[in-house]
Amino acid sequence: MKKKVMFSGAGKTGALSGVFARCVPRSAGSVALFAVAALLLLLVSCKEPSEPEKALSDGANLFTLTGSEDYRSPNHKEIESSNLVNQSNNLEDGWYRDSSFYHIWVKSFADSTTGPLAGDGCGDLNGITEKLDYIKNKVGCDAIWLSPIFDCASKGTAASYNMHGYDTIDYYAINPRFGTKEDLGNLLAAAHDRGMKVIFDFVPNHTSDQHPWFAQSAQRANGKDDWYLWSAEDRLWNPLGGRSAWYRNSARDSYYYGAFWAGMPDLNFRNREVREELKNVARYWLNFGFDGLRMDAVRYLVEEPNDFTDTQATHDWYAELRSEVIDAYGSDIGAAPKFMVCEAWINNDRGALDAYFGTAARAEFDMAFDFDFPGRLYYSVISGTDYVSSMDGLYASGSAPDKRYGSFLSNHDNVSSRPATFFEGDRLELYTALSLLQPTTPFIYYGNEIAQKDGSGYGSEDIRLRLSLDWNVAQSAIQAVELGAAQGLTPSGDPASILALHKALLVLRRDHAAFRTGAMTAVKAFAADTGAVADLPRGFAAYTLTDSSAGETFLCVFNLENCKKYIDLSLSLSGYSSASTLVGRPTCVSADGSSVTVSSFGPYAVRVYQLGGPADSESTSPLYNSESTGSSMYLRGSFNDWKPDIPMTYSIVENEVVWTADVELLAGTHTFKFDSSGAKTEWPDGQNWGGTDGANMSYTAATSGMYRFSFNFSRMRCDVELLEGAGV
């Protein structure tokens, strides 16, 4: 094999000196001969190298540090009070642990109604500002993650155009389709006025091949020679699968590396200037008022000869960014504390994921997205098997005491379809509730709160996840919730019920730290007669969330199956003599000091109880009852030979749904039931009845006359009364 001579830092003269050192002559004749040979070699070396010789230099510095240590960005910003604008007020360290994020795909969220971009069909920054009250007050989120907003190569406003923004062409400019830097400042100020936080999507791994930096690097111009990864040959690296992620560039007559595709070349993070420039990007926008950043594609930053993901050199830069930038913000300079969350798309390897938290001595990210989370919940719901309670062990601190997971059901990538695409009704409510009742930081993808589905006609392309939010649906859902009709009057899993569920559970998270940062403990079943502890029956999941500092413990119980369960589920929880219902059907829980018993579960039921709180009573009004469903109700009984159905009308009484029907009865005893379908197939279950074969209710009329039947659907309670003046 012919050995290739590589000319690098020392240049041609240094390489020639090496030849002299190895070929010292010993006779006069040999000296003369050597002198001639040396002269010829020197003449050859002084010629302009051929194109192949030029290309051979590419790749020599792939694994060594290059660039100036004294480099300063043309947009250089220091972290000092004079450079800070639009900062949040009164934020405490670790604020992200107590937040609930709303993830916005900017192009598809909200088109502004005023200004130069109004009505163009493309979401923009002013549109988000107009919808801040919706995010905070209707959904219940207090923080926002914006998808990439910086100027990018691929632009288009058509609904079907996938303007993703991960192909950056200017880190310091706003995508003009979204607005201006002034618009961004207005958004940050308006959000902070409402006590909301905003983070941006940061993409340091790669740029667009249309970025001026790449054009200069391809031309070896403006000091950008090795700002990207270049090689004289195709090195066949393939971190994401496929043949190779090296692509030929004709201008440089070399190969460049792009882990994701040819249009997004990777920056060279072994170049000191690149390292500093990207740190400056973070400083620039955090100074401008962002509260933190979401880091894209963190696994692929720095490559080794035979290792392209999760390398130590990659971790080193994140540790530098954390110590030099993120942790430099604080009240001492009038800055709000910042944070960063990473997209390390890792499945089934908790050790590799947790490595991105760093260590107590060398911290990296404050938070990491848990890409196992949506799958674990999905298989719990789809199979009826409890993969949820075992998650308690995942949230133990271990070697990273400050670690925090970000949880989600779907996002802009093909991690998962939107929940409403594959679940509906009570099942969708269960899936949603499972995601929000974990001691993680939830990220709610825009539209999921109104049961929006994937777009049709796009196959598996990720554009199906990035289409416009349907504001007509959202507005109808808002009106239904404000009328108090979301519980009981609209079908489970429809936009109004899902919006109401999000708000109820996010209020719980806001008001009780146990749901945000509490200790999660799986609960076992308890046999009262023997005192034995055992696994829960199949189809159930149960755990507690405890905030020891506040002295609060909450019990979460889930029916993972599509069937009603008329059982008394006794749980091994001692020390509690009472329990109150926060979510689910009230008066179906009791506690006696040695165990807690929960009963009468609807399909895919969600129950949340506060242990040790005031016991349930007739006045108990839960925040949300996922088992209250139905947009109609009918009365049938012996007084009309069980047919035809008598339609009932509803009213909202103290935020509860009450159905009524007036019926003329003869004196005597009458039996009856309520039917939510009008087809004698869906009998609401409750204290005195259950299922189509359950016992009928009965009422004895003292006199003949017109009677009013009232059915409180929220509580499953029935009353019958003689109307005044209607008796005979």
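Using my numbering, the first residue of the sequence shown is number 2, and each one after it goes up by one. Here a beta-carbon is modelled for each residue, glycine too, at the ideal position from N, C-alpha and C.
Contact belief for residue i with residue j at Cβ below 8 Å, rounded distance in angstroms
i, j, result
"SER255", "ALA222", "At roughly 14 Å, the Cβ-Cβ gap does not stay under 8 Å, so SER255 and ALA222 are not in contact."
"THR442", "LEU502", "Their Cβ separation, rounded to whole angstroms, is 18 Å, which puts THR442 and LEU502 out of contact at 8 Å."
"ALA662", "GLU628", "22 Å between Cβ atoms; not a contact."
"LEU624", "ALA580", "15 Å between Cβ atoms; not a contact."
"GLY594", "GLY614", "About 15 Å; that fails the 8 Å criterion."
"TYR285", "ASN206", "With a Cβ gap of about 18 Å, TYR285 and ASN206 do not count as contacting."
"VAL140", "LYS504", "7 Å"
"THR621", "PRO587", "4 Å"
"LEU509", "LYS525", "Not quite, the Cβ-Cβ distance comes to about 24 Å (not below 8 Å), so this is no contact."
"ALA283", "PHE203", "7 Å"
First and last residue of the uninterrupted alpha helix (DSSP H) at residue i
i, result
"GLY352", "351 to 355"
"PHE215", "213 to 219"
"PRO443", "Element bounds for PRO443: not the alpha helix (DSSP H) but the beta strand (DSSP E), 442 to 446."
"TYR380", "374 to 384"
"ARG517", "515 to 518"
"ARG608", "That residue, ARG608, is in no alpha helix (DSSP H); its beta strand (DSSP E) goes 607 to 612."
"PHE64", "Neither: PHE64 is in no alpha helix (DSSP H) and is coded neither H nor E."
"GLY458", "No alpha helix (DSSP H) contains GLY458, which DSSP labels as neither H nor E."
"GLY128", "126 to 131"
"PHE1", "Because the chain spans 2 through 729 in this model, residue 1 falls outside it and cannot be assessed."
"SER477", "472 to 483"
"ALA497", "496 to 512"
"SER109", "107 to 110"
Same chain, Cβ closer than 6 Å to residue i, five either side skipped, listed in chain order
i, result
"GLY407", "VAL342, MET368, PHE370, THR442 and PHE444"
"LEU723", "GLY706 and TYR708"
"LEU570", "VAL599"
"PHE309", "TRP238 and PRO240"
"ALA329", "ILE80"
"ALA219", "ASN250, ALA252 and ARG253"
"LEU279", "PRO205"
"PHE424", "TYR432"
"ASP184", "LEU126 and ASN127"
Nonlocal neighbours in the same chain, by C-beta distance under 7 Å from residue i, ignoring five residues either side
i, result
"GLU81", "ILE334"
"GLY116", "ASN127"
"ASN689", "Caution applies to ASN689, whose pLDDT of 36 falls short of 50 and renders its modelled position unreliable; the model cannot decide the point."
"LEU506", "ALA434, LEU437 and LEU438"
"MET197", "LEU133, LYS137, ASP143, ALA144 and ILE145"
Residue i - containing beta strand (DSSP E), residue span
i, result
"ASP308", "Note, ASP308: premise wrong, no beta strand (DSSP E); not H, not E."
"ASP569", "566 to 572"
"THR670", "669 to 676"
"ILE145", "144 to 147"
"LEU636", "635 to 638"
"TRP247", "247 to 250"
"VAL584", "580 to 584"
"PHE559", "553 to 560"
"TYR388", "Premise fails: TYR388 is in no beta strand (DSSP E) and is neither H nor E."
"VAL342", "340 to 343"
"GLY706", "706 to 713"
"PHE358", "Premise fails: PHE358 is in no beta strand (DSSP E) and is neither H nor E."
"SER100", "Looking at the DSSP string, SER100 is not in any beta strand (DSSP E), and its letter there is neither H nor E."
"TYR544", "541 to 548"
Other residues of its chain near residue i: CB distance less than 8 Å, five sequence neighbours each side excluded
i, result
"ASP112", "LEU118, ALA119, GLY120, ASP121, GLY122, CYS123, GLY124, ASP125 and GLY128"
"SER477", "PRO496 and ALA497"
"THR701", "GLY669, THR670 and HIS671"
"HIS316", "ALA356, TYR357, GLY359 and GLU365"
"SER461", "ASN415"
Any C-beta of chain D under 7 Å from that of residue i
i, result
"THR518", "The structure shown contains no chain D; it holds only a single protein chain."
Does the region 502 to 517 come within contact of the region 90 to 110, defined as at least 3 CB pairs closer than 8 Å? yes
Could you tell me which whole alpha helix (DSSP H) segments of length 4 or greater appear in the region 390 to 442? 420 to 423 and 426 to 437
Would the region 226 to 245 and the region 58 to 70 be scored as touching if the rule is three or more Cβ pairs under 8 Å? yes
Quick one: complete beta strand (DSSP E) runs, 3+ long, within the region 256 to 304? 293 to 296
Answer yes if the region 559 to 571 comes into contact with the region 593 to 606, meaning at least three C-beta pairs across the two stretches below 8 Å, and no otherwise. yes
Taking contact to mean at least 3 C-beta pairs separated by less than 8 Å, is the region 147 to 155 in contact with the region 171 to 181? yes
Enumerated in chain order, which unbroken segments of the beta strand (DSSP E) with a length of 3 residues or greater are wholly contained in the region 136 to 185? 144 to 147, 151 to 153 and 169 to 175
Assess, as a yes-or-no matter, whether the region 374 to 391 is touched by the region 554 to 562 under the definition of 3 or more beta carbon pairs within less than 8 Å. yes
Kindly confirm or deny that the region 541 to 549 and the region 464 to 482 touch, where touching means at least three C-beta pairs closer than 8 Å. no
Quick one: any contact between the region 409 to 418 and the region 64 to 75, if contact means 3 or more CB pairs under 8 Å? no
The region 264 to 273 in contact with the region 286 to 295 per 3-pair CB rule at 8 Å: no
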